[in-house]
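These notes concern the structure reproduced below.
Number of protein chains: 2
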Amino acid sequence: MERLPGFRDFYPEPLPPSEPWSADLRQYIFDKWRTVSRRYGFREYDGPPLETLELFTTKSGAEIVGQLYNFTDKGDRAISLRPEMTPTLARMVAARERSYKKPIKWFALPQLFRYERQQKGRLREHFQFNADIVGETDPSADAELAALLIDSLRAFGLTAADFVLRLSSRNAWHDFFVARQGAPEAEYEFYQAIDKLEREEPAKTEEKLRRIGFSLEEVRAFIEQGTPTRELAGVMENLAARGLGEFVKIDYRVIRGLAYYTGIVFEAFDRKGEFRAIAGGGRYDNLLKLISGGRVDLPALGFGMGDVVLGELLKARGLVPSFTTGLDVFCLIEAEELRADSLRLIQSLREAGFATDFSLMPAKADKQFKRAQELGVSWIVRLVPNTEGTLEARVKNLQSREEKIYPPQEVASLLRNGVK
Amino acid sequence: MERLPGFRDFYPEPLPPSEPWSADLRQYIFDKWRTVSRRYGFREYDGPPLETLELFTTKSGAEIVGQLYNFTDKGDRAISLRPEMTPTLARMVAARERSYKKPIKWFALPQLFRYERQQKGRLREHFQFNADIVGETDPSADAELAALLIDSLRAFGLTAADFVLRLSSRNAWHDFFVARQGAPEAEYEFYQAIDKLEREEPAKTEEKLRRIGFSLEEVRAFIEQGTPTRELAGVMENLAARGLGEFVKIDYRVIRGLAYYTGIVFEAFDRKGEFRAIAGGGRYDNLLKLISGGRVDLPALGFGMGDVVLGELLKARGLVPSFTTGLDVFCLIEAEELRADSLRLIQSLREAGFATDFSLMPAKADKQFKRAQELGVSWIVRLVPNTEGTLEARVKNLQSREEKIYPPQEVASLLRNGVK
């Protein structure tokens, strides 16, 4: 029986051949995301992996359904596995916003799902770090969020030579569009054309733009000029004050495909341009009102950063650490009559916080020793009867090769004082 | 728009009224499960939340479908959200067992899903700590697993006065069944009757047993006597050697409903009997062979412990800690001309590992101070111009009420040395 196409199993390291994703790497990524979020004062939340289909179509329109892992449940509800976290966040905040001081700074690490029929070999799930700020219109919030994004990537050892955050603004493009007399009904079409600028043939973009009264030339000139809006200048200044100026640049080619962005938008890319966007986000000041049916009207902004692109980038840059078993001690049991006392010793080590393993079954001492080495432990402990007929614990430090003798009941506390 | 019935949102603490589950409590539980598992040398793994329906029906029979969150995907595959982790574990181990030394000791913290149409108000998902050992037939593996289960509960502050692990054995019941000439085709029916013994009217159980040639009296006498099998005696001895004897007892009323258990089975209960089983598991030596179509034949055993019953028990016993924001420092910005320098200071604190927050917008100093207190920070830091025209950092320890003055660029390292 096989796993479903587009899904990953997460095995422990060292990985079997042809299993590229380990549970250790996933946990390593999650730990960094959590640590940096907490440093920034963001609090963790989560929602269900399943939501009503309506939650997603309300936000993104009926055309989203073609990309969803959606179905009808046994209670005849139209439901879907979540393709993104923002609608859940908006629903949760709208339901309970009175309980939280503004601005709300929250993060989540949800698994997200998409089902695109044609995409062979492509993953249908990934984990995505989501961070959002709700209740603040000032660009200082955009800067705080951008700084979190930058520091989240730096936490993995990525530098300004590895990635850049490209900042843009829907407002800048809106002003451009209005100043050149664009027809309001063509505005979203215009954004869509800008969004595809880098990925499409110029002739095709040109044709799209011409149809709604624009030229590729004037669009390119606007991008080239890249004059920051007041809000963008504020964000740039704020990030420079933090010492993060080298990680960011104005780039109006970024506009984000989704309809609901309302202000500053941004995407992080690897500098070499080898990968898809590492992260992306922006302001969505109208979404809470939409999701809550007008009941709650709060400005908001957020970003998403997926584990797949990030993991590929870390691998390519040699930034994935080598994972160990995490074991500290191996208790070697040289004779079965020592097992009961050895079990007591193992229990005391584990209770003292040492990750401790041993052979469940009788095995030759050299085989146990070999296993201890494979597991990468720091110490091997074994009980040996001494001449007085009592037991002593021999503790070997595998680094220094030194062996010391302790009373068995003192091993755990002695090791703890010596090392931790 | 509302969340689906039977699902939980996980908000940050302090919780809004009528939201009983927080992301903080969930993370607290996960952290303990992970920590204790690692101490025992268990490695983390995970699989997809969706699997083929066949994986679950192969293990549990077609009747399981009535309880599943199953559907047909856009590629016409019959699939299901996972109701339990063991089939995924069996699939993963069967696929890659050659890459791992035996015994394999793995754990996972999956979210599991069940859809039972009639169960109003009952949760349709929970998170479940799963730990399994694959590749060892000896009862020493059963003891190691039972010890992990016990220590996982002890990690939350639960004692032998709070819970007990009830140990039983399918083999004991099998021997009983065979010794009394039970008809082989009635064996599973017999186990099912034993499984319901505690929850059903005695008359009903008696009737069930009589139909297959047994009396309630002889069954009760066997339970009462509770003579441990050799394997159970081995497990009891092993746990006693670890000093865990008081957490466990032989109790033949436990038999586990599922068909696939083959040896020792067990369930952990709160001593007061207020809750459903906290955890349960046992040996399933034939499952890997079944799931792999005969390709891989390895003995295995495991348990599951859900977050819902455990969380309810911890709440009832006053063992849920009070969660804080986790913030260390609040940077108070008394004038806007100090913002750029304050941002630099905040960045240095965050980079030094301090969880640091500040007001994104200009606010009165006393309002900022109040906010800092609400957030429960340890220090308030603010920049103040001194008489020489440079900036000094005033660092107030909110515990001692002491305020010290440092050069701004040294605050982070000084705080670190003073506290960590």
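Chains as they are written, first to last, in the numbering used here: chain A, 1 to 420; chain B, 1001 to 1420.
C-beta: ideal position from N, C-alpha, C; glycine also.
If you draw a straight line from the alpha carbon of residue i to that of residue j, how long is it in whole angstroms?
i                  : j                  : result
Arg1220 of chain B : Ala1147 of chain B : 28 Å
Ile150 of chain A  : Val320 of chain A  : 18 Å
Ala155 of chain A  : Lys32 of chain A   : 6 Å
Lys420 of chain A  : Ser37 of chain A   : For Lys420 of chain A, the pLDDT reaches just 42, beneath the cut-off of 50, and the residue's location in the model is therefore unreliable, although a value from the coordinates is still provided. Computed Cα separation, rounded: 27 Å.
Pro16 of chain A   : Gln67 of chain A   : 32 Å
Gly1075 of chain B : Val1265 of chain B : 39 Å
Ser1378 of chain B : Asp1357 of chain B : 12 Å
Leu1288 of chain B : Arg1091 of chain B : 7 Å
Tyr45 of chain A   : Ile1029 of chain B : 15 Å
Ala1259 of chain B : Val134 of chain A  : 50 Å
Asp1138 of chain B : Gly1294 of chain B : 22 Å
Glu334 of chain A  : Ala363 of chain A  : 8 Å
Ser18 of chain A   : Glu1201 of chain B : 54 Å
Leu1338 of chain B : Pro1407 of chain B : 15 Å
Thr88 of chain A   : Ser292 of chain A  : 11 Å
Under 8 Å between the Cβ atoms of residue i and residue j?
i                  : j                  : result
Phe1107 of chain B : Glu1125 of chain B : no
Leu391 of chain A  : Leu398 of chain A  : no
Arg435 of chain A  : Phe10 of chain A   : The requested residue 435 of chain A does not occur in the structure, where chain A is confined to residues 1 to 420.
Glu1097 of chain B : Leu1298 of chain B : yes
Leu345 of chain A  : Val411 of chain A  : yes
Arg1276 of chain B : Val1254 of chain B : no
Pro110 of chain A  : Asn130 of chain A  : yes
Tyr252 of chain A  : Gly282 of chain A  : no
Ala1279 of chain B : Gly1304 of chain B : yes
Arg39 of chain A   : Phe1354 of chain B : yes
Leu167 of chain A  : Val248 of chain A  : yes
Phe214 of chain A  : Phe190 of chain A  : yes
Leu1004 of chain B : Ile194 of chain A  : no
Lys59 of chain A   : Leu290 of chain A  : yes
Phe1127 of chain B : Asp1328 of chain B : no
Val296 of chain A  : Ala94 of chain A   : yes
Asp1132 of chain B : Ala1340 of chain B : no
Pro83 of chain A   : Phe56 of chain A   : yes
What residue from the options has the CA that sits closest to residue i's CA?
i                  : options                                    : result
Thr72 of chain A   : A:Leu158, A:Glu63, A:Arg283, A:Glu54       : A:Glu54
Arg371 of chain A  : B:Gly1041, B:Phe1275, B:Arg1003            : B:Gly1041
Lys1404 of chain B : B:Ser1169, B:Gly1389, B:Ile1380, B:Thr1387 : B:Ile1380
Glu246 of chain A  : A:Tyr252, A:Leu288, A:Ala268, A:Ser60      : A:Ala268
Ser1342 of chain B : B:Gly1353, B:Asp1132, B:Leu1360            : B:Leu1360
Arg1077 of chain B : A:Glu2, A:Arg82, A:Glu207                  : A:Glu2
Leu81 of chain A   : B:Arg1211, B:Asn1070, B:Glu1019, B:Glu1388 : B:Asn1070
Glu217 of chain A  : A:Lys272, A:Glu206, A:Ser60, A:Leu301      : A:Glu206
Val164 of chain A  : A:Pro14, A:Gly311, A:Gln192, A:Ile250      : A:Ile250
Arg1416 of chain B : B:Arg1350, B:Arg1401, B:Glu1402, B:Glu1388 : B:Arg1350
Thr1324 of chain B : B:Thr1057, B:Gly1376, B:Ala1203            : B:Gly1376
Glu274 of chain A  : A:Asn386, A:Ile212, A:Leu313               : A:Leu313
Asn286 of chain A  : A:Thr86, A:Ala62, A:Pro14, A:Arg8          : A:Thr86
Lys1105 of chain B : B:Glu1063, B:Ser1152, B:Gly1006, B:Gly1302 : B:Gly1302
Bridge partners of residue i, per DSSP?
i                  : result
Thr52 of chain A   : A:Ile79
Arg43 of chain A   : A:Trp106
Thr72 of chain A   : A:Ala78
Leu298 of chain A  : DSSP lists no partner for Leu298 of chain A.
Val178 of chain A  : Bridge partners of Val178 of chain A: none, in fact.
Ile380 of chain A  : A:Phe330, A:Lys396
Pro139 of chain A  : Paired residues: none, contrary to the question.
Val1065 of chain B : DSSP, once it has assigned bridges, lists no residue as partnering Val1065 of chain B.
Asp151 of chain A  : In DSSP, Asp151 of chain A forms no bridge with anything.
Gly306 of chain A  : A:Gln128
Tyr403 of chain A  : Checking the sequence shown, residue 403 of chain A turns out to be Glu, not Tyr. In DSSP, Glu403 of chain A forms a bridge with A:Lys396.
Gly1280 of chain B : B:Glu1267, B:Gly1304
Val1164 of chain B : B:Phe1269
Asp357 of chain A  : A:Phe330
Which residues in chain D have a C-beta closer than 8 Å to the C-beta of residue i? List them in chain order.
i                : result
Pro48 of chain A : Going by chain labels, chain D is absent from the structure shown, which instead holds the protein chains A and B.
For the ligand HEM, is there any heavy atom lying closer than 7 Å to the beta carbon of residue i?
i                 : result
Lys289 of chain A : Looking for the ligand HEM in the displayed structure turns up nothing, as the structure carries no ligands at all.
Inter-stretch contact at 8 Å, needing at least 3 Cβ pairs: the stretch 1012-1028 of chain B / the stretch 1044-1058 of chain B: no
Cβ contact check for the stretch 1234-1244 of chain B and the stretch 1172-1191 of chain B: 3 or more pairs under 8 Å: no
The stretch 225-234 of chain A / the stretch 134-144 of chain A touching (three or more Cβ pairs under 8 Å): yes
The stretch 307-323 of chain A in contact with the stretch 184-191 of chain A per 3-pair CB rule at 8 Å: no
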